[in-house]
Amino acid sequence: MLAKREFTVADEYRYNWSSPVRWIASHLLRYKFYLFGFMLLCIATNALYASISFLTGSAFNTVLNKGTAISQLGVIALSLLGVIVCQGICDLGARLFAEILSKRFARNAREELYTSLLGKSQTFHNRQQVGDVMARASNDMAQLSDMVSPAFDVIFDSFTSLTINVLFISLVNPQLLLVPGLYIIAFFFALRRYSRQLSPVSDQMREEFGKTNAVLNEAVAGIEVVKATAQEKQEVRKFITRASRYRDFYVENGKIQGRYLPTLILGVALALAFLHALYLLSQHQISLGALITFMGLCTNLRFVTFMSIWSFGLVQLGISGARRILALMKEETEMDENAGGYHEQMRGEIAFDHVTFSYGETPILKDISFRARPGQTVAIVGQTGAGKSTLTKLVNRIYDVNAGSVKIDGIDVRDWDMDSLRSQISTIEQDVFLFSRTIAENIGYGLGSKADRAAIEAAAHDAQAHEFIESFPHGYETEIGERGVTLSGGQRQRLAIARALLTDPRILILDDSTSAIDSATEDEIQKAIRRLLEGRTTLLITHRLSQIRWADSILVLRKGELIDQGTHEELLARCETYRRIFSHYDSAVPASASSGD
Numbered sequence: 020m021l022a023k024r025e026f027t028v029a030d031e032y033r034y035n036w037s038s039p040v041r042w043i044a045s046h047l048l049r050y051k052f053y054l055f056g057f058m059l060l061c062i063a064t065n066a067l068y069a070s071i072s073f074l075t076g077s078a079f080n081t082v083l084n085k086g087t088a089i090s091q092l093g094v095i096a097l098s099l100l101g102v103i104v105c106q107g108i109c110d111l112g113a114r115l116f117a118e119i120l121s122k123r124f125a126r127n128a129r130e131e132l133y134t135s136l137l138g139k140s141q142t143f144h145n146r147q148q149v150g151d152v153m154a155r156a157s158n159d160m161a162q163l164s165d166m167v168s169p170a171f172d173v174i175f176d177s178f179t180s181l182t183i184n185v186l187f188i189s190l191v192n193p194q195l196l197l198v199p200g201l202y203i204i205a206f207f208f209a210l211r212r213y214s215r216q217l218s219p220v221s222d223q224m225r226e227e228f229g230k231t232n233a234v235l236n237e238a239v240a241g242i243e244v245v246k247a248t249a250q251e252k253q254e255v256r257k258f259i260t261r262a263s264r265y266r267d268f269y270v271e272n273g274k275i276q277g278r279y280l281p282t283l284i285l286g287v288a289l290a291l292a293f294l295h296a297l298y299l300l301s302q303h304q305i306s307l308g309a310l311i312t313f314m315g316l317c318t319n320l321r322f323v324t325f326m327s328i329w330s331f332g333l334v335q336l337g338i339s340g341a342r343r344i345l346a347l348m349k350e351e352t353e354m355d356e357n358a359g360g361y362h363e364q365m366r367g368e369i370a371f372d373h374v375t376f377s378y379g380e381t382p383i384l385k386d387i388s389f390r391a392r393p394g395q396t397v398a399i400v401g402q403t404g405a406g407k408s409t410l411t412k413l414v415n416r417i418y419d420v421n422a423g424s425v426k427i428d429g430i431d432v433r434d435w436d437m438d439s440l441r442s443q444i445s446t447i448e449q450d451v452f453l454f455s456r457t458i459a460e461n462i463g464y465g466l467g468s469k470a471d472r473a474a475i476e477a478a479a480h481d482a483q484a485h486e487f488i489e490s491f492p493h494g495y496e497t498e499i500g501e502r503g504v505t506l507s508g509g510q511r512q513r514l515a516i517a518r519a520l521l522t523d524p525r526i527l528i529l530d531d532s533t534s535a536i537d538s539a540t541e542d543e544i545q546k547a548i549r550r551l552l553e554g555r556t557t558l559l560i561t562h563r564l565s566q567i568r569w570a571d572s573i574l575v576l577r578k579g580e581l582i583d584q585g586t587h588e589e590l591l592a593r594c595e596t597y598r599r600i601f602s603h604y605d606s607a608v609p610a611s612a613s614s615g616d
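Each residue of the sequence shown is one higher than the one before, starting from 20 at the first, in our numbering.
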């Protein structure tokens with residue numbers, strides 16, 4: 020059963036999540052043609068390869084039989100040629116099927132993980148280390164591909180070879196099975212011990228790689244802080260510590276492989292097998308050709324012995340990677356998309372009814388109740404940490420309430436279809452995120468492929484962004500860096516405003532969205548926003564007095580509690596906390612930014 024998700028794909032293929040091995044098997048069984056085709060071709064390849072030893076032994080017997088016609092040797096030679104050609108074709112087909120299976124498995128697993136991550140709640144993502152998630156999505160996924168091809172490919176191929184060679188030895192003379200049989204028993208016991216030793220080390224290697232990647236990602240993401248505080252040495256020490264731990268596990272992995280016993284046992288087994296075969300030859304129980312065939316088949320056992328050293332290591336790493344990926348996908352998320360829920364056009368009425376919310380054990384909002392009628396603008400004020408931003412995130416279900424309810428148009432937001440709810444609400448925050456794409460693609464992001472170029476430019480005009488966009492050599496086709504680092508703070512915020520306006524939201528949330536814009540530009544933006552917000556409900560978090568004054572209602576928060584609400588004049592008259600906040604804003608520099616909470 021799949022965990023709750025905020026987003027799913029229509030007609031999504033369902034895989035077995037009960038264990039890493041079953042999850043892997045369910046992926047491979049999706050492509051039964053390639054899987055069973057690979058297996059059949061492997062069996063054919065090894066049967067043909069083993070028959071070469073039979074034909075070689077027959078050639079020796081033919082040569083020893085002086086009365087035999089040369090034509091018989093010619094038949095054997097042609098048969099050898101035919102077998103080798105057929106074996107090569109089957110081997111090529113098996114490798115092709117294995118490679119297709121490997122790459123499709125990796126592709127589908129990546130899609131499954133990506134869809135799962137998109138469907139996780141914000142609370143889930145808040146507690147994840149981005150570097151570790153990226154390690155699972157990239158390196159662990161690569162291990163899955165290697166686990167199928169070459170690892171699973173080689174293991175199935177080698178064990179098929181083992182089975183067929185033993186079968187062929189029994190056809191030569193059942194007595195010859197003595198030494199190979201004892202070797203196989205010893206081999207399986209040693210292999211079982213090897214796998215048990217390797218498994219925990221492989222798990223630790225994958226975990227440590229994820230932690231190392233997380234340290235690297237954090238340092239790169241925060242490189243400005245690292246340089247500003249001259250803490251490069253500290254970050255180097257942290258990375259070296261993690262990288263050294265990963266190296267230690269890698270060395271331990273190599274030591275386990277170095278103690279692999281079957282390679283030593285095989286040499287002893289081949290010597291004993293040869294002595295046993297010579298004894299049977301001296302007793303006239305087998306022919307010289309049978310001896311040659313037997314030793315050729317025994318030599319084939321080298322393949323399974325030597326290939327199992329690294330192939331089982333790759334399988335263990337693949338299973339460890341699968342376990343980490345599956346653990347990420349199975350981790351609980353707090354919300355469900357509620358497909359089939361309420362999905363009508365919003366009027367924009369918002370009602371908080373005795374809402375309480377906390378992050379874990381930390382209370383953020385306590386017993387909040389207020390109502391915003393359609394088309395109203397409600398300003399939210401309070402000191403840093405009062406819970407202003409958290410309150411707005413309950414409207415579009417970034418988080419869910421612990422108690423009470425948030426209703427839009429009289430319907431609890433938990434009863435809305437998630438896609439319908441969020442598609443009609445736009446949020447513009449102080450910390451603007453822009454993608455490494457063109458300016459036009461960033462503005463039109465909320466509409467995807469439906470974004471019209473004329474509408475994009477109109478939204479840019481309304482957000483006072485058109486002029487600076489046109490100043491770039493490539494205009495709207497200008498590629499911007501990750502998170503918009505090539506733009507100023509004011510430019511990023513104007514693009515975010517244009518992006519929000521383009522979606523024509525019924526509810527608009529402005530979270531200190533003009534903090535990085537100069538006063539002259541802000542006046543023009545506010546004129547455009549006030550024209551466009553007619554008939555839309557707005558929740559406004561701001562430190563600018565001009566915006567607070569024209570709000571229809573103002574909420575005053577203090578330490579997560581709603582202590583008063585009303586118009587600007589009403590609150591000035593009766594609310595001491597509001598007067599202090601207002602006085603503080605009034606004494607601040609108008610264009611300064613203050614961090615949201």
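From the three backbone atoms N, C-alpha and C, an ideal C-beta is built for every residue, glycine too.
Look at threonine 457 here: in three-state DSSP terms it is strand.
Threonine 260 and alanine 479 have their C-alpha atoms some 48 Å from each other. Across the structure, tyrosine 279 and serine 70 are spaced so that their CA atoms are roughly 30 Å apart. Contact check for phenylalanine 206 against proline 281 passes: the beta carbons are separated by less than 7 Å. Under the Cβ criterion (8 Å, minimum of three pairs), the segment 423-438 does not count as touching the segment 511-519.
In the three-state DSSP reduction, tryptophan 569 falls in the coil class, being neither helix nor strand. Non-local beta-carbon contacts of aspartate 222 in its own chain, meaning distances under 6 Å to residues more than five positions away in sequence, involve Ser339 in chain order.
Counting along the chain, the unbroken beta strand (DSSP E) around valine 374 starts and ends at 369-378.
Close CB contacts of threonine 312 within its chain, under the 6 Å cut and outside five residues either way in sequence, are with Ser72, Phe73, Gly76 and Val191 (chain order).
Here the alpha carbon of glutamine 106 sits roughly 31 Å from the alpha carbon of serine 214. 7 Å or more divides the Cβ of alanine 117 from the Cβ of threonine 64. Excluding five sequence positions before and after isoleucine 417, the CB atoms of its chain that fall closer than 7 Å to its own CB belong to Gln141, given in chain order. In the DSSP assignment, serine 37 falls outside any beta strand (DSSP E) and carries neither an H nor an E. Leaving aside the five residues that flank glutamine 91 on each side, the residues in its chain whose CB is nearer than 6 Å to its CB run, in chain order, Thr81. Annotation: the segment 25-101 contains the following complete segments of the alpha helix (DSSP H) (minimum length 4 residues), in chain order: 39-48 and 51-83.
Sorting Ala154, Gly315 and Arg598 by C-alpha distance to the C-alpha of glutamine 402 places Arg598 at the top. Contact check for histidine 373 and glycine 423: beta-carbon distance about 4 Å, within the 8 Å limit, so the pair qualifies. Separation of lysine 230 and glycine 150 (C-alpha to C-alpha, rounded to the nearest whole angstrom) is 7 Å. Close CB contacts of serine 98 within its chain, under the 7 Å cut and outside five residues either way in sequence, are with Leu74 (chain order).
For the segment 188-254, there is no continuous beta strand (DSSP E) assignment of 3+ residues that stays within its boundaries.
If you check the CB distance, arginine 366 and aspartate 428 come in under 7 Å. Apart from sequence neighbours up to five positions away, the residues of its chain that approach isoleucine 573 with a beta-carbon distance below 8 Å are Val397, Ala398, Ile399, Val400, Ile567, Gln584, Gly585, Thr586, His587, Leu590 and Tyr597, ordered along the chain.
Distance between lysine 139 and glutamate 131, taken at the CA atoms: about 13 Å. Within the DSSP secondary-structure output, glycine 423 pairs in no beta bridge.
Judged by their CB atoms, serine 135 and valine 323 are not nearer to each other than the 7 Å cut-off. The beta carbons of isoleucine 444 and proline 393 sit no closer together than 7 Å.
Contact annotation: methionine 166 and leucine 333 have beta-carbon atoms nearer than 7 Å.
Looking at Phe124, Phe452 and Ile328, the one whose alpha-carbon comes closest to that of asparagine 272 is Ile328. Judged by beta-carbon spacing, threonine 457 lies within the 7 Å limit of glutamate 496, meaning their Cβ atoms are closer than that value.
Taking the C-beta atoms as reference points, glutamate 368 is found no nearer than 7 Å to aspartate 419.
Between glycine 406 and glycine 277, the gap from beta carbon to beta carbon reaches 7 Å or more. Counting only the Cα atoms, leucine 466 lies some 20 Å from isoleucine 488.
In this structure, DSSP gives valine 451 a state outside helix and strand, which the three-state scheme calls coil.
Less than 7 Å divides the Cβ of isoleucine 528 from the Cβ of threonine 446. The shortest C-alpha to C-alpha distance from cysteine 61 to any of Ile183, Pro492, Asp531 and Gln483 is the one to Ile183.
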